[in-house]
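Let me begin by presenting the structure, written as structure tokens, before commenting on it.
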Amino acid sequence: AQTVTQSQPEMSVQEAETVTLSCTYDTSENNYYLFWYKQPPSRQMILVIRQEAYKQQNATENRFSVNFQKAAKSFSLKISDSQLGDTAMYFCAFMKPAASGTYKYIFGTGTRLKVLA
Amino acid sequence: DGGITQSPKYLFRKEGQNVTLSCEQNLNHDAMYWYRQDPGQGLRLIYYSQIVNDFQKGDIAEGYSVSREKKESFPLTVTSAQKNPTAFYLCAVGVRSGYTFGSGTRLTVV
Numbered sequence: 272a273q274t275v276t277q278s279q280p281e282m283s284v285q286e287a288e289t290v291t292l293s294c295t296y297d298t299s300e301n302n303y304y305l306f307w308y309k310q311p312p313s314r315q316m317i318l319v320i321r322q323e324a325y326k327q328q329n330a331t332e333n334r335f336s337v338n339f340q341k342a343a344k345s346f347s348l349k350i351s352d353s354q355l356g357d358t359a360m361y362f363c364a365f366m367k368p369a370a371s372g373t374y375k376y377i378f379g380t381g382t383r384l385k386v387l388a
Numbered sequence: 005d006g007g008i009t010q011s012p013k014y015l016f017r018k019e020g021q022n023v024t025l026s027c028e029q030n031l032n033h034d035a036m037y038w039y040r041q042d043p044g045q046g047l048r049l050i051y052y053s054q055i056v057n058d059f060q061k062g063d064i065a066e067g068y069s070v071s072r073e074k075k076e077s078f079p080l081t082v083t084s085a086q087k088n089p090t091a092f093y094l095c096a097v098g099v100r101s102g103y104t105f106g107s108g109t110r111l112t113v114v
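Chains A and B, in that order, give the protein sequences.
Numbering follows the working numbering, with no gaps: position 51 of the first sequence is 322.
Numbering follows the working numbering, with no gaps: position 13 of the second sequence is 17.
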């Protein structure tokens, strides 16, 4: 069974600095997807970034980028130029498409990030 | 605007009562999902549905039931058999590129 581990329950970073959130996963699959979701205090889950396992190039979305190490089964999120609005819970998620066309996720337990002014 | 609507935002349940959480989508997605969120445990899958009139149990289906009579709607009933229902419930629709979530329902037992 797949598992997703986020080993940092809480982190803080100064505004404008860079922070990296860690995520490791365990799977025997070769075709899968990895995601980072953000849950701000409003509790609305928002997709931050996704990575297809078959792509070697790390995904980037503006200030957000990932370091995807497939052999090490590591998928860390780097937030550059941190902003107060980045304060949120961040969830790492693993997804393997099923033959039926369903997309079930395995979520990590989350990292609570606080950006300090 | 296209999206997912969950209602109510807050729900209170008395002991022994069944309550139903609503999830409606106008994104025209086939697959819909219900997750439960507890502090320190991430999100756990309750039920999911790939098509109208069909649904599958997730990892923690005991004490819950669902229906899928319309493509747009996937209500979740928390039955009296669910012994610890206090949690935050999230509905999602999903394609390969990722989930879109509703805004959630906070259920509290009183």
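By construction, the Cβ of each residue, glycine as well, lies at the ideal position given by its N, Cα and C atoms.
Computed from a predicted structure; not experimentally measured.
* **C-alpha distance - N302(A) paired with L31(B), whole-angstrom precision** => Residue 302(A) sits at position 31 when you count from the first residue of the first sequence. Residue 31(B) sits at position 27 when you count from the first residue of the second sequence. Taking the straight line joining both Cα atoms gives about 26 Å.
* Straight-line CA distance for V4(B) to E73(B)? -> Given that chain B is displayed from residue 5 to residue 114, the structure contains no residue 4(B) and the question cannot be resolved.
* If you measure beta-carbon to beta-carbon, which residues of the stretch 29–45 of chain B are closer than 7 Å to chain A? -> A35, G44 and Q45
* Asked: In whole angstroms, what separates the C-alpha of Y68(B) from that of T83(B)?
  -> On the second sequence, residue 68(B) is found 64 positions in, with the first residue counted as 1. On the second sequence, residue 83(B) is found 79 positions in, with the first residue counted as 1. The alpha-carbon atoms of Y68(B) and T83(B) are separated by roughly 6 Å.
* **Entirely enclosed beta strand (DSSP E) segments - the stretch 284–343 of chain A, minimum 3 residues** => 290–292, 295–297, 304–310, 317–323 and 335–340
* **Where F78(B) meets chain A, residues with beta-carbon distance less than 7 Å** => For this step, residue 78(B) is matched to residue 74 along the second sequence. None at all; the shortest Cβ gap to chain A is about 13 Å.
* With a cut-off of 8 Å, do at least 3 Cβ pairs link the stretch 313–323 of chain A to the stretch 18–33 of chain B? -> no
* Asked: Any idea if L384(A) is buried or exposed, counting beta-carbon neighbours within 10 angstroms, 16 or more meaning buried?
  -> Taking the first sequence and counting its residues from 1, the one referred to as residue 384(A) is at position 113. Its Cβ being crowded by 16 or more others within 10 Å, L384(A) is buried.
* Pick from P43(B), C95(B) and D42(B): whose alpha carbon is nearest that of Y51(B)? -> Residue 51(B) sits at position 47 when you count from the first residue of the second sequence. Minimum Cα distance to Y51(B) is reached at C95(B).
* What three-state label does DSSP hand L31(B) in the structure shown? -> The residue given as residue 31(B) occupies position 27 in the second sequence. Here L31(B) sits in coil by DSSP.
* **chain B residues whose Cβ lies nearer than 7 Å to that of G379(A)** => The sequence position of residue 379(A) within the first sequence is 108, counting from 1. Result: G46.
* To do: Go ahead and label S53(B) buried or exposed: buried means 16 or more other beta carbons lie within 10 angstroms of its beta carbon, across all protein chains shown.
  => Here residue 53(B) is taken as the residue at index 49 of the second sequence, counted from 1. S53(B) should be labelled buried.
* State the DSSP-derived secondary structure class of D63(B), mapped to helix, strand or coil. => For the purposes of this step, residue 63(B) is taken as the residue at position 59 of the second sequence. Here D63(B) sits in coil by DSSP.
* Tell me the DSSP bridge mates of R48(B)? -> In the second sequence, counting from the first residue as 1, residue 48(B) sits at position 44. According to DSSP, which records beta bridges pairwise, R48(B) is partnered with R40(B).
* Counting only the same chain and skipping the five closest in sequence on each side, list residues whose C-beta sits under 8 Å from that of M366(A). => As a position in the first sequence, residue 366(A) is number 95, starting the count at 1. Within the same chain, M366(A) has close Cβ partners Y303, Y304, L305, F306, Y374, K375, Y376 and I377.
* When you compare only the Cα positions, how much space is there between S299(A) and F105(B)? -> Here the question's residue 299(A) lines up with position 28 in the first sequence. Here the question's residue 105(B) lines up with position 101 in the second sequence. Approximately 28 Å between the Cα atoms of the pair.
* Asked: Would you say F339(A) and A324(A) are within 9 Å of each other, going by their C-beta atoms?
  -> Within the first sequence, residue 339(A) is the residue found at index 68, counting from 1. Within the first sequence, residue 324(A) is the residue found at index 53, counting from 1. Yes, these two residues count as a Cβ contact at 9 Å.
* Can you find a CB in chain B that lies within less than 9 Å of the CB of L318(A)? -> Locating residue 318(A) in the first sequence gives position 47, where the first residue counts as 1. It does; some Cβ of chain B falls within 9 Å.
* Within 9 Å (strictly less), CB to CB, does A96(B) reach chain A? -> Sequence index remark: in the second sequence, residue 96(B) carries index 92 (1-based). Yes, A96(B) lies at the interface with chain A (some Cβ there is under 9 Å from its Cβ).
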